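K.L.:
If you scroll down you'll find the structure; I have some questions about it.
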Amino acid sequence: MTLVKSALALGLLTVASSAVAKDSLTVYSYRQAFLVEPILEQFTQETGVKVNVVFAKDGIAERIAREGRLSPADVVLTSDFSRLMELVEKDLVSPVNNEAINQNIPAQYRSPDNDWYALTMRVRNVYSSKDRVGKLDINYEDLANPEYKGKICTRSGKHPYNVALVASMIAHHGEADTKTWLQGFKANLARKPQGNDRAQVKAVTEGLCDIAIGNSYYYGKMLMDEKQKSWAESVYINFPNQDNRGAHINVSGMALAKHSPNKDNAVKLMAFLTSNVAQQAYAEVNMEYPVKADVKPSELVASWGEFKADTLPIYKLAENHQAAVKLLDEVEFDL
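Mapping of the sequence shown onto mature numbering (1 follows the signal peptide of the UniProt record, and there is no 0): residues -21 to -1, 1 to 314, in sequence order.
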């Protein structure tokens, strides 16, 4: 396999494209190399198809749009749902009609038009201090309760992970009630939203707050990091809304680039990424939940216990995305 890596500088990807051979394909990836490379190497071993990869933290949609019909991109891998929606909204993807993919990915976790597919799931968890709070049976709605005033830490409300959570609240409760909830949530913050998900758990460890909001896989990553293990060990991981609709789910995913010059190979890769072997690799390496129902999470992730997931179709988050951003602005959540 040929891996072509690039960093993003001043919003521009630096890898130039050349003619693509019939026995190869090009992947543009927001997902990090440590996660993607082993899976793509196995695909090459099984099929003989070489994979060229461009890695970037930002700007892939802009790159594909700028390249137009001459873009070498065949498949795009995203780290969260908002990146998928950006590609769809800019008309940069094509639908895929593949029986194997549709069988492997439940309808809840793919586009109704088959123009994007989820590959992994993550929960938006509530973490609670073992010393000061204990294990919680909590709903997302409870984050606005007065009992938690000055006790909650979270990253920016405008971060895609939190925007998706707010979008799900709109889907379940409507805009008016969600705005009221956001106002209460903001009033309960121990500090202005800042940092990443791990920083919120660190803040709980340091006593700055008692409750933190964060994605499930970061808990596993902290437990595997000697410097951060103590942070994770200081909190309980709680799965919200277990007595009603279930915990909010966000996803990473993939899409077929609109002007893919190697569509047959691209679809082969997409099908492979939904297979048991690829789904298990995602689960083991990045502490995420597989979307394929018969693939189990890693032993560490499984140790956190089974949970009930929200059955809200992921595409519903896209329908409420702009409304979520608007409400976050209206309540000045980050200020």
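Ideal Cβ positions, reconstructed from N, Cα and C, are used throughout, including at glycine.
For clarity, every value in this text was computed on a predicted model and none was experimentally measured.
Which one or two residues does DSSP pair with R103 in a beta bridge?
P.N.:
N194
K.L.:
For S209, which of helix, strand or coil comes out of DSSP?
P.N.:
helix
K.L.:
According to DSSP, what are the bridge partners of A236?
P.N.:
V72
K.L.:
Evaluate residue 315 with the Cβ neighbour count: other Cβ atoms within 10 Å of its Cβ, from every protein chain shown; 16 or more gives buried, anything less gives exposed.
P.N.:
Residue 315 cannot be examined here, being either before or after the span of the chain that is shown, -21 to 314.
K.L.:
Quick check on DSSP: helix, strand or coil for N118?
P.N.:
Coil.
K.L.:
Can you tell me where the beta strand (DSSP E) holding I216 begins and where it ends?
P.N.:
214 to 217
K.L.:
What does DSSP give as the partner residues of V226 in its beta bridges?
P.N.:
Here residue 226 is Ala; the residue named in the question, Val, does not match the sequence. Paired residue(s): A288.
K.L.:
Would the stretch 188 to 197 and the stretch 121 to 130 be scored as touching if the rule is three or more Cβ pairs under 8 angstroms?
P.N.:
yes
K.L.:
Answer with buried or exposed for R177, where buried requires no fewer than 16 other C-beta atoms within 10 angstroms of its C-beta.
P.N.:
It counts as buried.
K.L.:
Report buried or exposed for G186, applying the criterion of at least 16 other Cβ atoms within 10 angstroms of its Cβ.
P.N.:
exposed
K.L.:
Which stretch, first to last residue, makes up the beta strand (DSSP E) that contains F312?
P.N.:
First-last for F312: undefined, no H or E at that position.
K.L.:
Along the chain, where does the beta strand (DSSP E) containing N31 start, and where does it finish?
P.N.:
29 to 34
K.L.:
Work out the CA separation of N31 and K(-17) for me, nearest whole Å.
P.N.:
Confidence at K(-17) is low in this model, with a pLDDT of 46, below 50, so its placement is unreliable and no value can be given for it.
K.L.:
How should T(-8) be labelled, buried or exposed, when 16 other C-beta atoms within 10 angstroms of its C-beta is the threshold for buried?
P.N.:
With a pLDDT of 35 at T(-8), under the threshold of 50, the predicted position of this residue should be treated as unreliable, and no value is reported.
K.L.:
If I follow the unbroken alpha helix (DSSP H) through V180, where does it start and stop?
P.N.:
176 to 184
K.L.:
Is V142 closer than 8 angstroms to H300 when the C-beta atoms are compared?
P.N.:
yes
K.L.:
Determine the direct distance from the alpha carbon of L307 to that of A(-3), and round the result to whole angstroms.
P.N.:
Low local confidence applies: a pLDDT of 40 at A(-3) is under 50, so the model's placement there is unreliable, with the coordinate-based value given in what follows. Their Cα atoms are separated by approximately 45 angstroms.
K.L.:
Can you grab the Cα-Cα spacing for the pair G47 / L4, in whole Å?
P.N.:
Roughly 17 angstroms separates the two Cα atoms.
K.L.:
Could you give the distance in angstroms between the alpha-carbon of A303 and the alpha-carbon of A52?
P.N.:
31 angstroms
K.L.:
Could you pull out every residue in the same chain whose Cβ sits closer than 7 angstroms to the Cβ of P292, ignoring the five residues on either side in sequence?
P.N.:
Q87
K.L.:
Taking the straight line between their C-alpha atoms, what separation do you get for V270 and M233?
P.N.:
13 angstroms
K.L.:
Pick helix, strand or coil for I84, following the three-state DSSP scheme.
P.N.:
Coil.
K.L.:
Could you spell out the range, first to last residue, of the alpha helix (DSSP H) harbouring L56?
P.N.:
Segment 54 to 57 is the beta strand (DSSP E) holding L56; no alpha helix (DSSP H) there.
K.L.:
Identify, in the order they occur along the chain, each residue of the same chain with its Cβ nearer than 6 angstroms to the Cβ of V145, setting aside the five sequence neighbours on each side.
P.N.:
A303
K.L.:
Please report the distance separating the alpha-carbon of D59 from that of N217.
P.N.:
21 angstroms
K.L.:
Just confirm the distance between the C-beta atoms of A245 and V54, as a whole number of angstroms; I'd bet it's less than 8 angstroms.
P.N.:
5 angstroms
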